[in-house]
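One structure below.
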Amino acid sequence: MDYVEFEYWYMRFLNGHMDLDHEWNRDPKSITFDDLPLEIVCLITKNLSLYTRLSAVRYTSKTLRNVIEMQKMSVKSCALSGEKTESRLYIDGQYCNVKGNGILEWVMNNTEIETFEISRLTYNLGDVVKQISKSLTSKIRIKEIVHLDWCPEDFRSFLSLCDPQTLETIHIQYRERDDWQSIRLKEFNKLSEMEQFKNLKKVILAASRMKLDIQKFFHLDNFIVEVHSISPKQMRQLRDNCKRRESFAFCQVLVRGLNLNKIAKALKIVIQDGKAYDPIVGTDHQLVFVFDEMKFKILRQLPGDSLFPPFSIFA
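Here this note's numbering is used: the sequence shown runs in plain steps of one and ends on residue 315.
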């Protein structure tokens, strides 16, 4: 007698059923989770967190794995970090093991991600990009990328995998290494020509120390950048662009050697207490200039608005 049959008879005797002539193999088969209709299984699993679906339910059975992997999901935050050959994936703040189980590739293929952060992957990001690209069936749907401490060329490779129609914001923070300046500028110039960059609405570029061309950011509604210098002519171009773009909202620029007298003369504005106002002809709006030491910001506002975003710590 095998264990299954033994357990069956044991439970019958335990419950007072002493009929030895009972044909136990004719009893109705017990229903398992896999026997439920597929629609019911989908409804049950959709109520679970993405972390639970990927880290536990996905491994329960082949049926459940198939159910999980055919679902389209959205994620508020996804973070990828690591050192050398080790990568760690966090989904909505919870750790998911990515070694040999295809979770990273599945997430990139099947979720829409609000914010995707990658940090401390200087040594193996290129390998991660290759790993992801092999399994992609479509562009990665990410709204915001926070890029910390990457090699510039690896970031450009990753950006090429993203859907330009979904991506709205990138936040780039390079490490402070003087020997990377020429590499950064070269790679950033290439990055600025990509469709993904041209479709962005917002860019934060921190700790760059690069001789950037401010005009590369003129298509954006919102940007915070650091530039090496800005001429009176470039200030006029920036001001005119901010006036011309109805969707423009805010920009902040960190620049060394900011000369307020030259700026006031070039823009024909009066700077008083670190602020200046410039009406936009043909509209009810005005540009508001706010100057503070080595940085300035420009806002498009209605007269009387008192909202002044604080200077960002990133630039």
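Just so you know, even glycine gets a beta-carbon here, dropped at the ideal spot from N, CA and C.
Anticipated Cβ contact below 8 Å, GLU114 with LYS143, distance rounded: 5 Å
Straight-line Cα distance separating PHE223 from SER229: 16 Å
Residue range of the unbroken alpha helix (DSSP H) whose run includes PHE197: 195 to 198
Proximity of LEU161 and CYS96 at Cβ, strictly below 9 Å: no
Alpha carbon of ASP163 to alpha carbon of LYS72, nearest angstrom: 16 Å
VAL203 versus ARG244, ILE145, PHE155, ILE170, residue with shortest Cα-Cα distance: ILE170
Opening and closing residue of the beta strand (DSSP E) in which PRO279 lies: 275 to 279
Rounded distance between the beta-carbons of LEU136 and ASN110, thought under 8 Å: About 11 Å; that fails the 8 Å criterion.
Length at least 3, wholly inside the segment 206 to 289: the beta strand (DSSP E) runs in chain order: 222 to 227, 250 to 255, 275 to 279
Integer Cβ distance of LYS190 from VAL255, believed to fall under 8 Å: About 23 Å separates the two Cβ atoms, so there is no contact after all.
For LEU299, the nearest candidate out of LEU159, VAL107, LEU220, ASN66 (CA to CA): LEU220
Whole beta strand (DSSP E) elements within the segment 59 to 91, 3-residue minimum: 73 to 83, 86 to 91
Local Cβ density within 10 Å of GLN252, reported as buried at 16 or more and exposed below that: buried
Backbone secondary structure at LEU191 - three-state DSSP: helix
Pick from LYS201, PRO37, LYS76 that is closest to LEU64, judged by C-alpha positions: PRO37
Three-state class that DSSP yields for GLN165 in the structure shown: coil
Reduced DSSP secondary structure (H/G/I, E/B, other) of ASP19: coil
LEU136 - DSSP class collapsed to helix/strand/coil: coil
Paired residues, beta bridge with LYS202 - DSSP: THR169, ASN222
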